[in-house]
Structures are given as C-alpha cells and as structure tokens.
Amino acid sequence: MKKATLTTRAYLVPFVLVTTLFFLWGFARAILDVLNKHFQDTLHVDITQSALIQVVTYLGYFLMAIPAGMFINRYGYRRGVVFGLTLFAAGAFLFIPSSEAGAFQGFLACLFIIACGLAFLETSANPYATQLGSPETATSRLNLSQSFNGMGSFLAPLIVGGFLFDEASSSRADISMPYLVMGIVVVIIAVVFSFVRLPEIVGEKEQTVSAEGTPSSSQSLKYLFSLRQAGRHAACPFVLALSALLCYEIGEISINSYFVNFTTDMGLLSSSTASYILSLALVVFMIGRFLGSALMLVVRPALMLLICASGSLLCMALVLLTGTLTQQGVEWAGTASLVFLILNYLFESIMFPTIFSLALTGLGVHTKTASSLLMMTPVGGCFFLLVAWMADHTTPVAPFTIPLLAFLVVWIFAWRCTRK
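Going by my numbering, the sequence shown opens with residue 55, and the numbers climb by one from there.
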C-alpha cells in the first residue's frame, strides 16, 4: 500500500501560503504574554486589571467566530483570509494613536480589533490546512502548520519582551513600534493573498451531501449538537471535542499569560529573564509540534493526545507540589517547578491541532460551521481573569489548579477517542 504524503504538488503552494498565517497569529497572541507585565509596570495596573488584555482579545474570537464562518461559507477561504488580515493591520496601526494617548482602554480596543481579524484567519486556515492533502494525514498536516504558530509564539516574547523590558532603552514604554512593524508585514501578506488564487476544496463526502443540497448554518448547528451526530461519532462526539478544545485554550492561555508573573512573584527570575525563558518554553512547544507531526504519521492521533494529556496532568500536579515547597523555603523546589512548567509545553504542543482535526473528521458540508464553532473556544482566555484574581488574593501557586482541571477534560476526550 502506498504511504500517504502530507500534501500533493497541486496543493503545495496553497499549503505554504496558509502556513504563514499560523506564524502571524502565533506571534500576535504571544505578545499578550509580555503585555501583561509591561502594562503593570508602565500603566500601574494590577494583575487582575491587566488580565483584561486576554479578556478583550479572546472575547473578540468568541464574538467574531460565527460571523467569520458565515462569511467564509459565502465568499470562500481566500476572501476570509484577506478580510482577516485587513482587520489585523487596522488594529495594529491604531496602536500608534493609542500609545500617544497612553490610555489602557485604547490599547484594549486595538487588541479587540486584532482579535476579530485573527478569528477570520484561524477559522479559514485551520480547516483549510486539513483539506490540502490526504484525509489520513490531515492531523499530521495541521500539526506541521501549527508548528510555525509555535515559531511565532517563541519569537514574540524574545523580540518584543526584550524591547519592552530593556532598562537601557528610552523607548521601552512605547508598545506602538512592534505593532507598527507587524501592521506593515500584515499588509504585504494581504496583498499577496489578494492576487493568489487558492482552490476551494470540496471533499468526497462533502460532494455527496452537497448533491442533496447544502445545509444552512442553522441546520449544521442542529446536526452538530444532535444525538444523530453523537451516534455517528460515538467515541468522539462534536460536543465533547468542543469542550476539550475550550479547556485546552483555558489551560494553555492561563499558563502562557501567567508565566512571567509567576516566575517573578516567586523570586525565580527578573521580568526580562522571564520573557526570555518564556521564549525558551515556546521553543519546546514548537519542537513538540514538529515531533508530533512526524510521530502521527505512524501513531494514531487519539493515542498521541492521550499520552500528552497524561504528561500535562502530571506536570501541573508537580508544579503545584514544588511551588508549594518553594514557598516553604525548600531551595531546589523553585528550579524544579520551573522545569516542570517548561516540560508541560512539550506535552501540550500537539493538543490544539489534534483535537481540532479529530473534531472535524467526517463532517463533510458541516465542516465550515463546525470550524467556526471551534474557533469560539479561545474565549477560554477570559478565564485568565480568574487566574489573575487568584494570584492577587491567594498564593502565586494556586492558579495552576485551573490548567490542571482543564487538561483533565482533554484527557477524558482523548480516552474516549482511543476507544473508537
């Protein structure tokens, strides 16, 4: 039997172009992880107030995901990408007047606009990447594209964090410069996508169902949440997949956003060093996705997800244990908690693309609607408000109970899928 390849020559150029989008939103989202500490230092807000950065960003995803799906259903993937890039660039350029005004609310408005653009990009690119090749390698292909998301994620704290926390720089409080550069790059990419023709992919199952008539968004929603759909995918019902992806977002975003505050409040690192170590952790995250993409060519995606969810659960439990020992004065425990925190990035790396791909398996004409629902899950980032409140009112270690519980839901989903 001929071994399935990641993609074909006909889809190679579209696959490469779409993969650049993963880098973009990885970079844009990872900046948030250093903005929290930056705004605390420059605008004198506490952790809970700075958490509004995550709230408005991921609320933008939540509110725009369904409209993005409807737009893409009507106008196609390419126009969805171009419109998303346009919103992204507009929000980035608006950082310039917001920086001049120095108002926290202005920055929040810019981040909301950027998030609306990112919702269009992710709703377009994630399902599109799964369809640019053999269905058997869809999960591996999405993991490869998401690896470049990890590349953007580790470069953001390294570059932007180094700029913001450089004590010798007189412009360290001016966040508009990184966003100005980003806006220019996004405009260039939007122009490229405007002139490149991307094929609209229609799978075999989708062709079969489409011959009977394309369902409306409301019909797709009814199907996705129905007992009929749950019976068709008894091991991996869409509702459970949606819950698992939401919980993954809660866990991942909570850890990323709290990383700098945790390591500085525990006295482990300075702000500038913490941003560099966060970049190191995101390098581990990126490597994990490359490894996962290769391993899932020979290992079932559901089994890989179960192994990684078990690893994340263990890491979070050990962070809670060693963090508590650090507060009790045990010298080695602080370093151990940091090691386990970084190791978690390896295990969580494959979760989003793997859950996403498993959730879309066999959905045919319902794929675009399902994708828009799945792209509402970054609203889990709003849970960072609870993480921040716990950090302000309890101990620096206690907030890790939230990602622990979140990864437990991912483990349950993976266990159910392995039974299929």
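C-beta: ideal position from N, C-alpha, C; glycine also. On a predicted model such as this, the values are computed, not experimentally measured, just so you know.
Contact check, residue i vs residue j, beta carbons under 9 Å
| i | j | result |
| --- | --- | --- |
| Val240 | Ala146 | yes |
| Gly138 | Ala119 | no |
| Val214 | Ile107 | no |
| Phe76 | Val135 | no |
| Met370 | Asn398 | yes |
| Ala356 | Cys471 | yes |
| Phe149 | Leu234 | yes |
| Gly342 | Glu402 | yes |
| Ser333 | Phe438 | no |
| Ala92 | Ile238 | First, the residue type needs correcting, since residue 92 is His and not Ala in the sequence shown. For His92 and Ile238, no; Cβs fall outside 9 Å. |
| Ser329 | Gly187 | no |
| Ile396 | Ala335 | yes |
| Gln372 | Ala390 | It is worth fixing the name first, because residue 372 is Leu in this sequence and not Gln. A contact, by the Cβ cut-off of 9 Å. |
| Asn310 | Ile101 | no |
| Pro68 | Leu252 | yes |
Residue i versus residue j - alpha carbon distance
| i | j | result |
| --- | --- | --- |
| Gly388 | Thr421 | 45 Å |
| Ala157 | Ala295 | 39 Å |
| Ala244 | Ala179 | 14 Å |
| Val441 | Ser325 | 19 Å |
| Ser280 | Val246 | 41 Å |
| Glu176 | Gln382 | 44 Å |
| Leu417 | Leu278 | 9 Å |
| Gly346 | Ala155 | 45 Å |
| Val338 | Ser201 | 11 Å |
| Thr455 | Leu392 | 16 Å |
| Gln103 | Gln94 | 8 Å |
| Val88 | Gly204 | 16 Å |
| Asn127 | Leu275 | 14 Å |
| Asn90 | Leu458 | 22 Å |
| Phe394 | Phe344 | 20 Å |
Sequence-distant residues of its chain with Cβ nearer than 8 Å to residue i (five each side left out)
| i | result |
| --- | --- |
| Leu299 | Phe406, Ile409, Phe410, Ala413, Leu428 and Thr431 |
| Phe81 | Gly206, Ser207, Leu209, Ala210 and Met236 |
| Val487 | Outside the displayed span of the chain (55 to 474) sits residue 487, for which this structure offers no information. |
| Phe125 | Arg133, Gly134, Phe137 and Phe174 |
| Leu165 | Leu86, Ile107, Val110, Thr111, Gly114 and Gly145 |
| Ile168 | Ala82, Thr111, Gly114, Leu141, Phe142, Gly145 and Ala146 |
Chain B within 9 Å of residue i, Cβ atoms only
| i | result |
| --- | --- |
| Phe313 | Protein chains in the displayed structure number just one, and chain B is not present. |
Cut-off 7 Å between Cβ atoms - residues of its own chain near residue i, not counting five sequence neighbours on either side
| i | result |
| --- | --- |
| Thr184 | Ala192, Arg195, Leu196, Ser411 and Leu414 |
| Cys436 | Gln108, Val109, Tyr112 and Leu113 |
| Leu323 | Thr317 and Ile331 |
| Pro181 | Leu414, Thr421, Lys422 and Ser425 |
| Val451 | Leu374, Gly377, Thr378 and Gln381 |
| Ala222 | Its pLDDT being 48, under 50, Ala222 is placed unreliably by the model, and the measurement read from it follows with that caveat. Counting only Cβ-Cβ distances below 7 Å, and skipping sequence neighbours, we find nothing. |
Residue environment, residue i, which counts as buried when at least 16 other CB atoms sit within 10 Å
| i | result |
| --- | --- |
| Pro151 | exposed |
| Leu374 | buried |
| His447 | exposed |
| Gly434 | buried |
| Val353 | exposed |
| Val70 | exposed |
| Phe467 | buried |
| Phe313 | buried |
| Leu172 | buried |
| Leu400 | buried |
| Ser248 | exposed |
| Ser272 | exposed |
| Ala64 | exposed |
| Leu198 | buried |
| Leu9 | What the structure shows of the chain is the stretch from 55 to 474, and residue 9 is not part of that stretch, so it cannot be assessed. |
| Leu78 | buried |
Contacting residues, own chain, Cβ-Cβ under 6 Å from residue i (five flanking each side not counted)
| i | result |
| --- | --- |
| Ser224 | In this prediction, Ser224 scores a pLDDT of 42, lower than 50, which makes its location untrustworthy; the coordinate-derived value is nonetheless stated afterwards. So the list is empty, once near-sequence residues are dropped. |
| Phe161 | Ser152 |
| Arg83 | none |
| Asp319 | Pro450 |
| Val72 | Ala179, Tyr182 and Ala183 |
| Leu462 | none |
| Leu97 | Phe158 |
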